[in-house]
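Structure first, commentary second.
2 protein chains.
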Amino acid sequence: MERRGKQTWHFDNPVYVQATGTAVGPVEAKGPISDSFDICYDDLYAGEKNWELAERRLLKDAVGTALKKAEKKTKEIDYFLAGDLLNQIVTSNYHARELEIPYLGLFSACATAMEGLALASLLVDTGAANDVLAATSSHHSTAERQFRYPTEFGGQRPETSTYTVTGAGAVIVGSKPSFIRIKEATIGKVMDMGIKNPFDMGSAMAPAAKDTILTHLDDTNRDFSYYDVIVTGDLSRVGSGILRKLLQEKGIEIGHHYDDCGIMIYQQEQAVFAGGSGAGCVAVVTYGHLFKEMIRGRINKMLVVATGALLSPLMIQQKESIPCIAHAVSFEREDCDG
Amino acid sequence: MERRGKQTWHFDNPVYVQATGTAVGPVEAKGPISDSFDICYDDLYAGEKNWELAERRLLKDAVGTALKKAEKKTKEIDYFLAGDLLNQIVTSNYHARELEIPYLGLFSACATAMEGLALASLLVDTGAANDVLAATSSHHSTAERQFRYPTEFGGQRPETSTYTVTGAGAVIVGSKPSFIRIKEATIGKVMDMGIKNPFDMGSAMAPAAKDTILTHLDDTNRDFSYYDVIVTGDLSRVGSGILRKLLQEKGIEIGHHYDDCGIMIYQQEQAVFAGGSGAGCVAVVTYGHLFKEMIRGRINKMLVVATGALLSPLMIQQKESIPCIAHAVSFEREDCDG
Chain A
965 MERRGKQTWH
975 FDNPVYVQAT
985 GTAVGPVEAK
995 GPISDSFDIC
1005 YDDLYAGEKN
1015 WELAERRLLK
1025 DAVGTALKKA
1035 EKKTKEIDYF
1045 LAGDLLNQIV
1055 TSNYHARELE
1065 IPYLGLFSAC
1075 ATAMEGLALA
1085 SLLVDTGAAN
1095 DVLAATSSHH
1105 STAERQFRYP
1115 TEFGGQRPET
1125 STYTVTGAGA
1135 VIVGSKPSFI
1145 RIKEATIGKV
1155 MDMGIKNPFD
1165 MGSAMAPAAK
1175 DTILTHLDDT
1185 NRDFSYYDVI
1195 VTGDLSRVGS
1205 GILRKLLQEK
1215 GIEIGHHYDD
1225 CGIMIYQQEQ
1235 AVFAGGSGAG
1245 CVAVVTYGHL
1255 FKEMIRGRIN
1265 KMLVVATGAL
1275 LSPLMIQQKE
1285 SIPCIAHAVS
1295 FEREDCDG
Chain B
965 MERRGKQTWH
975 FDNPVYVQAT
985 GTAVGPVEAK
995 GPISDSFDIC
1005 YDDLYAGEKN
1015 WELAERRLLK
1025 DAVGTALKKA
1035 EKKTKEIDYF
1045 LAGDLLNQIV
1055 TSNYHARELE
1065 IPYLGLFSAC
1075 ATAMEGLALA
1085 SLLVDTGAAN
1095 DVLAATSSHH
1105 STAERQFRYP
1115 TEFGGQRPET
1125 STYTVTGAGA
1135 VIVGSKPSFI
1145 RIKEATIGKV
1155 MDMGIKNPFD
1165 MGSAMAPAAK
1175 DTILTHLDDT
1185 NRDFSYYDVI
1195 VTGDLSRVGS
1205 GILRKLLQEK
1215 GIEIGHHYDD
1225 CGIMIYQQEQ
1235 AVFAGGSGAG
1245 CVAVVTYGHL
1255 FKEMIRGRIN
1265 KMLVVATGAL
1275 LSPLMIQQKE
1285 SIPCIAHAVS
1295 FEREDCDG
């Protein structure tokens, strides 16, 4: 591992994606990239008796699928790195209980997936671990109840709102070569532009995405066009428009080299306001759709910039603004026999 | 860094405590080790207008004190690793906003301090960072409001309860030699013995402490007597009694080689039920009192085993049991000119 600049780790030892698993809910299953998900549920309960158990079921499915594809038993996984949006990250904790793998709990809201992948990659690169499992989840109904109002309340939401993805994504990272090599990770700083509206996370998070993208490019001495695509986690339609403007102000016309998971996961026609959000959003879109595009050779170099809003309902009640963060991981396609 | 066994990292590169900072509230300030804390407040508001801001103040004080003692500016710190008990770990997030240091958010309840210190040490050992700041906090009133009832409610609590410490502890880890060298870290697994009583965390957490201690000793091929003391974070009187029994069942009579931060931080006479708990407990006792004992030469080799209960109020309402975890870090005193 070699440090690049102030915030980037360059993994010079072999760090590869061994396998992934994704499980989603009904709205995602009707979206434009649903074929890329391993498991799709047609209702929010996923066969469980409450939504928190449903979210845990999705995480279990995602993890189980990744283990199966990697042909690994839990005993062969060195560490489990996970976090989610629920208070005290209980989805992750309670699944860690079942896995019996040494566990590192993480939280950076919707940036958690890339925080976990960054640390998992570091553990493998440095020899601290051979195989590491990183995962995250979110669920529309558990998130609504906790952060805003229970969905039965039927409250109205403005168009700037985003729609929390019901989905869990898991990835196993190891040194055995595969099509997808993990090259660098850039750890973000918290940015707060004074935005207080919890119904417009996109605007709050765009500056953090910009900061991490520019830092990554600076640290690696690259132009944005080095990447076939730079993908943010869940800025969605409002936030991604703002990010484009912020980059323009820095002389960067990112054009078609940019996309956002919150926009990719839903059709425009679905009643999802500005698009998808939630910790599971970047995970399922990256580990499902985007990795498949890489394996097919349509994407060769990709930077995934997961964006998180680090607020809580109590902070909003206390009239605080919304601090945000973005963590990035870069991937490159390599030819592979396996 | 060398892996030992399945769960332990042995830091063969230099990893030392550069400086610490501790800030506590009024109950801790009247306790038997209050002289060891850097800053003591005589009321729970710490000069702020609400308890959440008070907790953030304590964290700011602890971090500021550590930076001052290390003679470092925030720009010279590579990463900030932190977590706390509040939903979405907002104390840590909002202070990260102020520090402008790349930030990794963590959560393992009251085990967060050692999770952070373990990762910070790994970052320094592997060369991913030069200087890393790890911190955590808790506050009696913010925790009561969130996990149980607001303290104004005046609810009764059973004697098995523990009393959440109002305190924040920060440590800067780097490679420059000091009196306190960080030798190993053992990452725990989640253990759940089916306990459902949130008013008796000690009993729930003792098995996790036992598992991590035995794993650490096994991984390092050591006897418990290698350490002058093995210290748990917050099992307090009930949980520590159970731990002693669990170790006895494994043939270990740990005797005076064991202590607990939740017992050390308060006098028996203080109205604190079974003793102290909270994420800040292990941090302030370790970074305050225990490190001072090491510098004085009264402790040469110490294993700190931070214990966390990974529940949430919602999980208890849904009749779940309490999964727990324990993360351990070992310290050894070295002679030092500086």
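As they're listed, the protein sequences go chains A and B. The first sequence begins at 965 in the working numbering and counts up one residue at a time. The second sequence begins at 965 in the working numbering and counts up one residue at a time. We put the CB at the ideal spot given by N, CA and C, even for glycine. All figures in this text were calculated on a predicted structure; none of them were measured in a lab.
Residue from the options whose Cα sits closest to the Cα of residue i
| i | options | result |
| --- | --- | --- |
| L1063(A) | K1037(A), A1073(A), V1088(A), I1053(A) | K1037(A) |
| K1153(A) | T1076(A), I1289(A), A1173(A) | I1289(A) |
| S1294(B) | D1183(B), Y1058(B), L1207(B) | D1183(B) |
| D1007(B) | P996(B), E992(B), I997(B) | E992(B) |
| D1301(B) | S1142(B), P1277(B), V1269(B), M1279(B) | S1142(B) |
| M1165(A) | P1122(A), L1199(A), V1027(A) | L1199(A) |
| L1274(B) | T1055(A), E1257(A), R1297(A) | T1055(A) |
| G1203(A) | A1235(A), D1187(A), D1223(A), R1112(A) | D1223(A) |
| P990(A) | R1260(A), Y1005(A), G1244(A) | Y1005(A) |
| M965(A) | K1033(A), Y1009(A), L1068(A), T1150(A) | T1150(A) |
| W1015(B) | H1059(A), M1279(A), S1285(A) | M1279(A) |
| N1057(B) | L1070(A), A1060(A), K1033(A) | L1070(A) |
| T1100(B) | V1249(B), G1261(B), N1264(B), R1297(B) | V1249(B) |
| R1186(A) | K1039(A), E1148(A), Y1127(A), R1297(A) | E1148(A) |
| G1131(B) | L1023(B), S1085(B), L1081(B) | L1023(B) |
| T1176(B) | I1159(B), I1194(B), N1161(B) | I1194(B) |
| A1243(A) | A1034(A), R1021(A), G1080(A) | G1080(A) |
| I1218(A) | E1296(A), K1174(A), R1061(A) | K1174(A) |
| S1241(A) | L1211(A), Y1009(A), Y1127(A), K1039(A) | Y1127(A) |
| R1260(B) | R1297(B), H974(B), F1237(B), K1283(B) | R1297(B) |
| F975(B) | V1236(B), R1021(B), A1168(B), L1083(B) | L1083(B) |
Close Cβ partners of residue i (< 6 Å) along its chain, the five nearest in sequence each way excluded
| i | result |
| --- | --- |
| D1025(B) | A987, I1003 |
| I1041(A) | I1065, D1095, L1097 |
| G1272(A) | S1072, A1073, C1074, A1075, I1289 |
| V1246(A) | A1077, G1197, C1225, A1270 |
| N977(A) | D1089 |
| H1253(B) | I997, S1000 |
| D1156(B) | S1285, P1287 |
Test: residue i CB closer than 9 Å to a CB of chain A
| i | result |
| --- | --- |
| D1002(B) | no |
| K1153(B) | yes |
| I1263(B) | no |
| D1198(B) | no |
| T1090(B) | yes |
| A1247(B) | no |
| R1021(B) | no |
| E1148(B) | no |
Min CB distance residue i to chain B below 9 Å
| i | result |
| --- | --- |
| Y1043(A) | yes |
| M1165(A) | no |
| G1242(A) | no |
| M1169(A) | no |
| E1016(A) | yes |
| D1156(A) | yes |
| Y980(A) | no |
| S1204(A) | no |
| P996(A) | no |
| F1117(A) | no |
| A1099(A) | no |
| Y1222(A) | no |
| E1284(A) | yes |
Distance between beta carbons of residue j and residue i, contact taken as under 8 Å
| i | j | result |
| --- | --- | --- |
| T972(A) | H1291(A) | Not quite, the Cβ-Cβ distance comes to about 11 Å (not below 8 Å), so this is no contact. |
| M1078(A) | Y1191(A) | Wrong, their Cβ atoms sit about 15 Å apart, outside the cutoff. |
| S1102(B) | V1129(B) | 6 Å |
| A1030(B) | G985(B) | 4 Å |
| I1229(B) | A1170(B) | The pair is not a contact, with the Cβ atoms about 18 Å apart (cut-off 8 Å). |
| F1188(A) | H1221(A) | 6 Å |
| Q1281(A) | S1276(B) | 19 Å between Cβ atoms; not a contact. |
| I1146(B) | S1085(B) | 5 Å |
Other residues of its chain near residue i: CB distance less than 7 Å, five sequence neighbours each side excluded
| i | result |
| --- | --- |
| K1140(B) | Y980, Q982 |
| G1138(A) | Y980, Q982, V1088, N1094, D1095 |
| I1227(A) | S1200, R1201, S1204, G1239 |
| F1163(B) | R1121, P1122, T1124, S1125 |
Beta-carbon proximity list for residue i, same chain, < 8 Å, skipping 5 on both sides
| i | result |
| --- | --- |
| Q1231(B) | K994, G995, P996 |
| G1028(B) | G985 |
| Q1110(B) | L1049, L1050, N1051, P1277 |
Please determine if the stretch 996–1011 of chain A and the stretch 1085–1094 of chain A are in contact, where contact requires at least 3 C-beta pairs separated by less than 8 Å. no
Three or more beta-carbon pairs under 8 Å between the stretch 1044–1054 of chain B and the stretch 1104–1113 of chain B, yes or no? yes
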